[in-house]
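Colleague: In our numbering, the protein residues as written are 1 to 114. Backbone N, C-alpha and C fix where the C-beta goes; we use that ideal spot for every residue, glycine too. Quick caveat, the model's predicted, so the values are computed rather than measured. Have a look at this one.
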Amino acid sequence: MSECIFCKILAKEIPTEVLYEDDLVMAFPDVSPQAPEHILIIPKKHIPSLADLSPEDEGVMGRIVSVANRLAQEKGFAQEGYRLVANCGKQAGQTVFHIHFHLLGGRDFGWPPG
Ligand code: 5GP
Ligand code: ZN
1 MSECIFCKIL AKEIPTEVLY EDDLVMAFPD VSPQAPEHIL IIPKKHIPSL
51 ADLSPEDEGV MGRIVSVANR LAQEKGFAQE GYRLVANCGK QAGQTVFHIH
101 FHLLGGRDFG WPPG
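Dropping the structure here:
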């Protein structure tokens with residue numbers, strides 16, 4: 001059995017509200033939201049971080065960006081603006097080592113990030 005928390009969510013071993021799912025990706029709410037809208041979008045394939053990507057993963061990465069935009073449109077915060085961000089590695093603040101993109105919306109975001 002996988003020790004990866006996001007693989008457990010994918011396997012439905014941890015009950016989670018599924019906001020979107022297809023053959024390549026799944027989206028669900030972040031358990032500790034940092035904005036009024038905070039959704040995580042993950043590949044179904046266990047890839048620890050962006051630093052581990054292979055050329056064969058380009059399709060799923062494109063799907064994640066497309067799904068993020070679709071969710072932001074459907075939930076009505078795309079026009080106001082949203083942030084799509086992935087932390088890669090410890091120095092960037094990555095804590096779960098299964099690639100995930102944070103889709104954040106519903107408030108103003110500063111730049112540069114801290
Ligand atoms: P990172 O710091 O790796 O970029 O982001 C990890 C994110 O995963 C955090 O925002 C954290 O709140 C979220 N997270 C950690 N464990 C769980 C969980 O069991 N369920 C959900 N939905 N989110 C989680
Ligand atoms: Zn995993």
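1) Within 8 Å (strictly less), CB to CB, does Glu-17 reach chain B?
2) Please classify Ile-9 as buried or exposed, where buried requires at least 16 other C-beta atoms within 10 Å of its C-beta.
3) Does the Cβ of Ile-5 lie closer than 7 Å to at least one heavy atom of ligand 1?
4) Find out if the Cβ-Cβ distance for the pair Leu-40, Ala-51 is shorter than 8 Å.
5) With 16 other CB atoms within 10 Å as the buried threshold, where does Pro-117 fall?
6) Taking 7 Å as the cut-off, does the CB of Ser-2 come closer than this to any heavy atom belonging to ligand 2?
Modeller: Reading from the atomic positions:
1) No chain B is present in this structure, which holds just one protein chain.
2) buried
3) yes
4) no
5) With the chain covering only 1 through 114, there is no way to say anything about residue 117.
6) yes
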